[in-house]
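Engineer:
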Amino acid sequence: MSSALRLLEAGQEFLLISENLGGRIQYSEEYKVNYGAYFVMKDYRKAKALVQTSTWINPADACFHNSESERFSLISAHTLKLVPELLRFLGIMIEFARHYNTFKKACLSQSQKEALQADAYMADLFNRSAASLIKEHGLQRVANDFVAKFAYACTGASTDQMNALDFLNVSMGMITPIWHLVFDKQAVARKFGSHLIEDSITLLELKDGGYVLTGKSGEVYQAENVVVATPAAVTQQLLHLPEIREACKIYVYHLRGMLKPEYRKFTLNLFPYSSPFMLISREHDGSYLVYSREDNADLTRFFEKHELIQYLAWEKAMYIMGRAFMEQELGNGLYVAGDHNGLGLEPAAISGIYAANKILAKQEKA
14 MSSALRLLEA GQEFLLISEN LGGRIQYSEE YKVNYGAYFV MKDYRKAKAL VQTSTWINPA
74 DACFHNSESE RFSLISAHTL KLVPELLRFL GIMIEFARHY NTFKKACLSQ SQKEALQADA
134 YMADLFNRSA ASLIKEHGLQ RVANDFVAKF AYACTGASTD QMNALDFLNV SMGMITPIWH
194 LVFDKQAVAR KFGSHLIEDS ITLLELKDGG YVLTGKSGEV YQAENVVVAT PAAVTQQLLH
254 LPEIREACKI YVYHLRGMLK PEYRKFTLNL FPYSSPFMLI SREHDGSYLV YSREDNADLT
314 RFFEKHELIQ YLAWEKAMYI MGRAFMEQEL GNGLYVAGDH NGLGLEPAAI SGIYAANKIL
374 AKQEKA
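Taking my numbering, the leading residue of the sequence shown gets 14, the next gets one more, and so forth.
1. According to DSSP, is Asn282 helix, strand or coil?
2. Output the boundary residues of the beta strand (DSSP E) element that contains Lys1.
3. In the structure shown, what three-state DSSP assignment does Gly270 receive?
4. Roughly how many whole angstroms lie between the Cα atoms of Leu380 and Phe205?
5. Does the separation of the CB atoms of Leu373 and Val239 fall below 8 Å?
6. Please confirm whether Gly357 and Asn182 have their CB atoms less than 8 Å apart.
7. With distances taken from CA atoms, which of Lys94, Pro72 and Leu325 is nearest Tyr266?
8. Going by C-alpha to C-alpha distance, which of Val241, Ser300 and Phe290 sits closest to Gly344?
9. In three-state terms, what does DSSP make of Phe77?
10. For the pair the stretch 267 to 287 and the stretch 315 to 323, tell me if three or more CB-CB distances fall below 8 Å.
11. Could you check the C-alpha separation between Asp158 and Phe85 for me, to the nearest Å?
12. Considering only residues of the same chain and omitting the five flanking positions on each side of Phe196, which have a CB-CB separation below 7 Å?
13. Please name the residue or residues paired with Tyr332 in a DSSP beta bridge.
14. To the nearest angstrom, report how far apart Ala119 and Tyr134 are at their CA atoms.
15. Quick check: what's the CA-CA separation for Asn79 versus Ser287?
16. For the beta strand (DSSP E) containing Phe104, list its first residue and its last residue.
17. Considering only the beta carbon of each residue, do Asp179 and Ile322 sit closer than 8 Å?
18. Between Met187, Ala200 and Lys94, which lies nearest to Ala161 when the distance is taken from Cα to Cα?
19. Distance, Cα to Cα, His297 vs Phe338?
20. Measure the alpha-carbon distance for Ala361 versus Gly355 and round it to whole angstroms.
21. By the 10 Å Cβ neighbour count, where 16 or more other Cβ atoms means buried, how is Val233 classified, buried or exposed?
22. Round the Cβ separation of Gly365 and Ser67 to the nearest angstrom and send it over; I've been treating them as touching at under 8 Å.
23. Can you say whether Ala200 is buried or exposed, counting buried as having 16 or more other CB atoms within 10 angstroms of its CB?
24. Going straight from the alpha carbon of Glu26 to that of Leu20, what length do you get?
25. Going by the DSSP bridge assignment, what does Tyr40 pair with across the sheet?
26. For Gln376, which of helix, strand or coil comes out of DSSP?
27. Can the beta-carbon of Thr4 be found less than 8 Å from the beta-carbon of Ala156?
28. What are the complete beta strand (DSSP E) segments, minimum 3 residues, inside the stretch 294 to 378?
29. Going by DSSP, what residue range makes up the alpha helix (DSSP H) through Phe27?
30. Expressed to the nearest angstrom, what Euclidean distance is found between the alpha-carbon atoms of Lys229 and Leu216?
31. CA-CA distance, Val46 and Trp192?
32. Could you pull out every residue in the same chain whose Cβ sits closer than 6 Å to the Cβ of Ala23, ignoring the five residues on either side in sequence?
33. According to DSSP, which residues form a beta bridge with Ser142?
34. Can you say whether Trp69 is buried or exposed, counting buried as having 16 or more other CB atoms within 10 angstroms of its CB?
35. Tell me the rounded alpha-carbon separation between Ile263 and Ala246.
36. Do Asn71 and Thr280 count as a contact pair if the criterion is CB distance below 8 Å?
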C-alpha cells in the first residue's frame, strides 16, 4: 500500500493487486479491534499515511508477571531497585534512536543492505542476538522483568530468537508514546480507486523484458515493474527464493468475560517467554484480547468466566527468527517489500516507498 501510495502521488500508472487490503493488520470494523498489527508508535510517519491512531496505550497501566505469585507494575518499589540498570537501558535506547532515525531515512533511497553497510552500529545490531546485547550491557534484570516481556508480547519471540535491532526497535514502545491503530479499508480502497484490483497472484514470469502475472481469478496482467509485498513465505514461494527468516506462531482470542482478581486491575498483563501466553489486553469496550503461542489455550487460567467472540490463528505471524536476509531488488524491475528484514509497520512502509522510488527514478532516467 505504501509503494502504491507513493506511485499514486507521483502520477505513475500502476495496479495494486490484493485479495486482502491491509494484509496482516486484520482490523475488525465490527468490533474496532486489531487481530494482527496492534499499535503504531509516535514516529511511524510513513505508516500513518494509511492508518489512524486511536486510544493511547499507557505503559503505566501494565502488569508484568514473573510467575503466578510474582507480579509488578512500572510504578512500584520493584522498579526503584532497578534504577541504575534502567538508566543504562535508557542511554542505549537514546543512542539507538539516533542511529535508527538516520537508518530509516537512508532506507527510502538505499536498500536495507546498503544502509546497514553504511552504519557499523546498525549492522552489528542486525547480526547479533538481543540476548547477547542484554548480557554485554548488564541489562538482565530490566530485560527479564520488563523489556523482554514487552518484546515477547509484541513478537511471540524470545531474546535468543530475535536480533538486537528488532529488539531495540520494538522496545521503543516502552519509552515513546504508542496508540492502538484504526485501518479504514473502505477509505483506502477509495483512495486507490480503479488502481485497486481484488485478486491474488499465483504465478509470476519474466517474458520479453517484462512480467506476466497470473491471478487466482484466471486474469493475466502484464507489467514492466513488479513490487511483491506478501508475507515472506509467500514471497519465497512466488519468487523461488532461498532461505528466509523463520516465523513464530501466534493465536489470538477475542472474548468477553471476567478476569480473575489478580489480572483484573490492569489494562495490560504481560508474561515471560516461559509462559505460552504473551499478552492479555482489555479493549475499549471491556472485551479482551489474549495472545498466545499455544493453540487451544486454556483460558480458564485467567478467566472466571468467558465467551469467545473471535479466534484467529497466525501459523506464520512475524518473520523474526534467524539471520536470513531477503534482498529488496532482484533485477529486471523486480522488487520485494515488507517486514522481512525489519520488524514493524514502519519498516514495511519504508521498504515499499523505497521500491516505488526506484521505479520512479528508472522512469525518469528513461
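Note that CB positions come from ideal geometry on N, CA and C, so glycine has one too.
Structural biologist: With the given structure in hand:
1. Numbered from 1 along the sequence shown, position 269 holds the residue referred to as residue 282. Assignment of Asn282 by DSSP, reduced to helix, strand and coil, places it in the strand class.
2. Residue numbering for the chain in the displayed model covers 14 to 379; residue 1 lies beyond these limits and cannot be assessed.
3. Reading the sequence shown from its first residue, position 257 is the one you call residue 270. Correct three-state label for Gly270: strand.
4. Past the boundaries of the shown model lies residue 380; the chain is included only from 14 to 379, so the question cannot be answered.
5. Residue mapping note: residue 373 aligns to position 360 of the sequence shown, counting from 1. Residue mapping note: residue 239 aligns to position 226 of the sequence shown, counting from 1. Contact check for Leu373 against Val239 fails: the beta carbons are separated by 8 Å or more.
6. As a working mapping, residue 357 is identified with position 344 in the sequence shown. As a working mapping, residue 182 is identified with position 169 in the sequence shown. Yes; because the gap between Cβ atoms is below 8 Å, this pair is in contact.
7. As a position in the sequence shown, residue 266 is number 253, starting the count at 1. Of the listed residues, the one whose Cα sits closest to Tyr266 is Leu325.
8. As a working mapping, residue 344 is identified with position 331 in the sequence shown. Gly344 has its Cα closest to that of Val241, out of Val241, Ser300 and Phe290.
9. By one-based count along the sequence shown, residue 77 stands at place 64. DSSP places Phe77 in strand when its eight states are reduced to three.
10. As far as the Cβ criterion goes, the stretch 267 to 287 touches the stretch 315 to 323, which means the pair count is three or higher.
11. Translated into the one-based positions of the sequence shown, residue 158 becomes position 145. Translated into the one-based positions of the sequence shown, residue 85 becomes position 72. Note on geometry: alpha-carbon atoms of Asp158 and Phe85 lie some 9 Å from one another.
12. Counting from 1 along the sequence shown, the entry for residue 196 is found at position 183. In chain order, Gly35, Ile38, Tyr40 and Val64 place their CB closer than 7 Å to the CB of Phe196, counting only its own chain and leaving out the 5 sequence neighbours on each side.
13. Locating residue 332 in the sequence shown gives position 319, counting from the first residue. Residue pairing of Tyr332 in beta bridges, as defined by DSSP: Ala260.
14. Looking up residue 119 in the sequence shown gives position 106. Looking up residue 134 in the sequence shown gives position 121. Approximately 14 Å between the Cα atoms of the pair.
15. Looking up residue 79 in the sequence shown gives position 66. Looking up residue 287 in the sequence shown gives position 274. Between Asn79 and Ser287, the C-alpha separation is close to 9 Å.
16. On the sequence shown, position 91 is the one that residue 104 refers to. Looking at the sequence itself, residue 104 is Gly, so the reference to Phe does not match. In the DSSP annotation of this structure, Gly104 is not part of any beta strand (DSSP E); the continuous alpha helix (DSSP H) holding it starts and ends at Val96 to Ala119.
17. For this step, residue 179 is matched to residue 166 along the sequence shown. For this step, residue 322 is matched to residue 309 along the sequence shown. Against a cut-off of 8 Å, the Cβ pair of Ile322 and Asp179 comes out as no contact.
18. Counting from one through the sequence shown, the residue named residue 161 turns up at place 148. Closest option to Ala161, judged by alpha-carbon separation, among Met187, Ala200 and Lys94: Met187.
19. Start at 1 with the first residue of the sequence shown, and residue 297 comes out as number 284. Start at 1 with the first residue of the sequence shown, and residue 338 comes out as number 325. Those two C-alpha atoms are separated by around 38 Å.
20. Numbered from its first residue, the sequence shown carries residue 361 at position 348. Numbered from its first residue, the sequence shown carries residue 355 at position 342. Across the structure, Ala361 and Gly355 are spaced so that their CA atoms are roughly 7 Å apart.
21. For the purposes of this step, residue 233 is taken as residue 220 along the sequence shown, with counting starting at 1. Looking at its Cβ environment, which holds fewer than 16 other Cβ atoms inside 10 Å, Val233 is exposed.
22. Here residue 365 corresponds to residue number 352 of the sequence shown, with the count starting at 1. Here residue 67 corresponds to residue number 54 of the sequence shown, with the count starting at 1. Under the criterion of beta carbons closer than 8 Å, Gly365 and Ser67 do not qualify as touching, at roughly 23 Å.
23. What you label residue 200 is simply residue 187 of the sequence shown in a count that begins at 1. Result: exposed.
24. Here residue 26 corresponds to residue number 13 of the sequence shown, with the count starting at 1. Here residue 20 corresponds to residue number 7 of the sequence shown, with the count starting at 1. Roughly 7 Å separates the two Cα atoms.
25. As a position in the sequence shown, residue 40 is number 27, starting the count at 1. When beta bridges are read from the DSSP output, Tyr40 appears opposite Asn47.
26. Mapped onto the sequence shown, residue 376 falls at position 363. Reduced to three states, the DSSP call for Gln376 is helix.
27. Given that the chain is displayed from residue 14 to residue 379, the structure contains no residue 4 and the question cannot be resolved.
28. 301 to 305, 316 to 327, 332 to 334, 342 to 344 and 347 to 349, all fully within the stretch 294 to 378.
29. Here residue 27 is taken as the residue at index 14 of the sequence shown, counted from 1. Unbroken run through Phe27: none, as it is neither H nor E.
30. On the sequence shown, residue 229 is found 216 positions in, with the first residue counted as 1. On the sequence shown, residue 216 is found 203 positions in, with the first residue counted as 1. Going by the C-alpha atoms only, they are around 9 Å apart.
31. Mapped onto the sequence shown, residue 46 falls at position 33. Mapped onto the sequence shown, residue 192 falls at position 179. Val46 and Trp192: Cα-Cα distance of roughly 12 Å.
32. Mapped onto the sequence shown, residue 23 falls at position 10. Here the set comprises Leu373.
33. Within the sequence shown, residue 142 is the residue found at index 129, counting from 1. In the DSSP assignment, Ser142 forms a beta bridge with Asn176.
34. As a working note, residue 69 is residue 56 in the sequence shown. So Trp69 counts as exposed.
35. Stepping through the sequence shown from its first residue, residue 263 is reached at position 250. Stepping through the sequence shown from its first residue, residue 246 is reached at position 233. So the two alpha carbons sit approximately 16 Å from each other.
36. Taking the first residue of the sequence shown as position 1, residue 280 is located at position 267. Taking the first residue of the sequence shown as position 1, residue 71 is located at position 58. Thr280 places its beta carbon less than 8 Å from that of Asn71.
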